[in-house]
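So the structure is just underneath, and the comments pick up after that.
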Amino acid sequence: MDTAKKTLYHLGVFIVLLFTVLISIFPIVWVVVSSFKTNAQILSSPFSLPTAFSFKAYQAVFKQTDFLLYTVNSLVVSVVSTAISIIIYAMAAYVIAKYDFKGKDLVYSLFVITLLVPAQCKAQPIFSLIIHFNLYDTKTALVLVYLAAGMAMSLFILKNTFMSIPKDFSEAAWMEGSGFIRTFLWINLPMAKSGLATAGILMFLGNWNEYFFAMLLTTSPVNRTLPVALASFNETYSYNYTNMFAALTMAILPGILIYSFAQDQVTNSLVASGIKG
Numbered sequence: 006m007d008t009a010k011k012t013l014y015h016l017g018v019f020i021v022l023l024f025t026v027l028i029s030i031f032p033i034v035w036v037v038v039s040s041f042k043t044n045a046q047i048l049s050s051p052f053s054l055p056t057a058f059s060f061k062a063y064q065a066v067f068k069q070t071d072f073l074l075y076t077v078n079s080l081v082v083s084v085v086s087t088a089i090s091i092i093i094y095a096m097a098a099y100v101i102a103k104y105d106f107k108g109k110d111l112v113y114s115l116f117v118i119t120l121l122v123p124a125q126c127k128a129q130p131i132f133s134l135i136i137h138f139n140l141y142d143t144k145t146a147l148v149l150v151y152l153a154a155g156m157a158m159s160l161f162i163l164k165n166t167f168m169s170i171p172k173d174f175s176e177a178a179w180m181e182g183s184g185f186i187r188t189f190l191w192i193n194l195p196m197a198k199s200g201l202a203t204a205g206i207l208m209f210l211g212n213w214n215e216y217f218f219a220m221l222l223t224t225s226p227v228n229r230t231l232p233v234a235l236a237s238f239n240e241t242y243s244y245n246y247t248n249m250f251a252a253l254t255m256a257i258l259p260g261i262l263i264y265s266f267a268q269d270q271v272t273n274s275l276v277a278s279g280i281k282g
């Protein structure tokens, strides 16, 4: 390929990528900018910049709704389920990656294949179990459901992360008298930090944005999470677009910030998992 063709090729790739980025971030930028405008400005000139930036819409959201309560509920459910899942699935992934036992491939395949099952197909049995154990309309129910929902993805990432760690480190620890638990905690776990961070971030973001089971398994405001609350805001702010956009901005901002700071680590870990898996 000569210089002219190579330049045109790179220019074409750049234009396509730039277009993809613009159409991806435009809706988010538009929502954020619109949250500082008045309803009249949004209706008369939806794509213009606000004449004056005002935080009145954000103040109104906190005064007129239990936005802080819903945010805390989402934070508690997401953090607790993510923390427990990382502890449990790291141990399971370590065993699957480092030890051979009868039926290992079958067990791992059954776990991972749950990624192909839509959430709606699991709704009825999950709902029945939650009712049976008297956990309906509790944060505990959401924690347990999110814990199970993130199993396949977490195992996939962590299993391949542990497989990428050379066995020489574990063998050296065994020769010096380290047992199973010590080898796992002090040798392999610190070396799997990138995989642990990736699985934790992806699971947290998935739990933070989850709507279906949060809507299905909760009814009272004291247990409802932010995505469900935002759906009800459509009625509260059906004609107050400024307040609605302010609520949306505060709901999506944490996820964007978390992923922005960790995107390189997440991307590299997923690529490594795909290659080594």
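Numbers 6 to 282, taken from our numbering, label the letters of the sequence shown in order.
Glycine residues also receive a C-beta, built at the ideal position from the N, C-alpha and C atoms.
*Can you tell me which of Glu181, Lys61, Asn78, Val21 puts its alpha carbon nearest to the alpha carbon of Ala256?*
Asn78
*Using 10 angstroms around the beta-carbon of Leu27, count the other beta-carbons present and answer buried if the total reaches 16, otherwise exposed.*
exposed
*asked:* Would Val233 and Met249 be called neighbours here (beta carbons separated by less than 9 Å)?
replied: no
*What residue from Arg229, Met208, Gly205, Ile206 has the CA that sits closest to Tyr216's CA?*
Arg229
_Considering only the alpha carbon of each residue, which of Lys198, Thr247, Tyr244, Phe238 lies closest to Ala267?_
Among Lys198, Thr247, Tyr244, Phe238, the Cα nearest to that of Ala267 belongs to Lys198.
*Does DSSP put Gly282 in a helix, a strand or coil?*
Unreliable positioning characterises Gly282 in this predicted model, as indicated by a pLDDT of 41, which lies under 50. A coordinate reading is not provided.
*Use the C-beta contact count for Gly282: other C-beta atoms within 10 angstroms, 16 or more gives buried, fewer gives exposed.*
Any reading at Gly282 must be qualified, since the residue scores a pLDDT of 41, below 50, and its modelled position is unreliable; no value is offered.
*Pick from Ile263, Val122, Asn193, Ala88: whose alpha carbon is nearest that of Glu176?*
Asn193
*Taking only runs that begin and end inside the segment 104-175, name each unbroken alpha helix (DSSP H) of 4 or more residues, in chain order.*
Along the length of the segment 104-175, whole alpha helix (DSSP H) runs at least 4 residues long occupy 109-117, 124-137, 144-154, 156-168, reported in chain order.
*Count the other C-beta atoms from every protein chain shown that fall within 10 angstroms of the C-beta of Val150, then say buried if there are 16 or more, exposed otherwise.*
buried
*Measure the C-alpha to C-alpha separation of Gly200 and Phe161 and round it to an integer number of angstroms.*
10 Å
*Which residue spans inside the segment 180-229 form an unbroken alpha helix (DSSP H) run of at least 4?*
185-188, 198-214, 217-222
*Distance CB(Lys164)-CB(Tyr113) smaller than 9 Å*: yes
*For Phe67, name the three-state secondary structure that DSSP assigns.*
helix
*Touch test, the segment 80-100 against the segment 205-215, Cβ-Cβ under 8 Å, three pairs minimum*: yes
*For Thr25, count neighbouring Cβ atoms within 10 angstroms of its own Cβ and tell me buried if that reaches 16, exposed if not.*
exposed
*Any idea what DSSP makes of Leu23, helix, strand or coil?*
helix
*Assuming Thr119 contacts Phe209 under a Cβ cut-off of 8 Å, what Cβ separation, rounded to an integer in Å, is found between them?*
Not really, about 19 Å apart at Cβ, beyond 8 Å.
*Collapsed DSSP secondary structure at Thr56 in the structure displayed*: coil
*Cβ neighbours of Phe1 in the same chain (closer than 8 Å, five flanking residues each side left out)*: With the chain covering only 6 through 282, there is no way to say anything about residue 1.
_Are the CB atoms of Met168 and Tyr94 within a distance shorter than 9 Å?_
no
_Per-residue DSSP class, three states only, for Ile263_ = The answer is helix: DSSP assigns Ile263 an H, G or I state.
*asked:* If you measure between the beta carbons of Leu222 and Tyr141, is that distance less than 9 Å?
replied: A contact, by the Cβ cut-off of 9 Å.
*Exposed or buried, Phe138, counting other C-beta atoms within 10 Å across all chains shown (16 or more means buried)?*
Phe138 should be labelled exposed.
*Assign Ile280 to buried or exposed, taking buried as 16 or more other Cβ atoms, counted over all protein chains shown, within 10 Å of its Cβ.*
Any reading at Ile280 must be qualified, since the residue scores a pLDDT of 42, below 50, and its modelled position is unreliable; the value itself is stated next. Exposed, by the Cβ-count rule.
*Within 8 Å: the Cβ of Val112 and any heavy atom of the ligand GTP?*
Here there are no bound small molecules, and the ligand GTP is not part of this structure.
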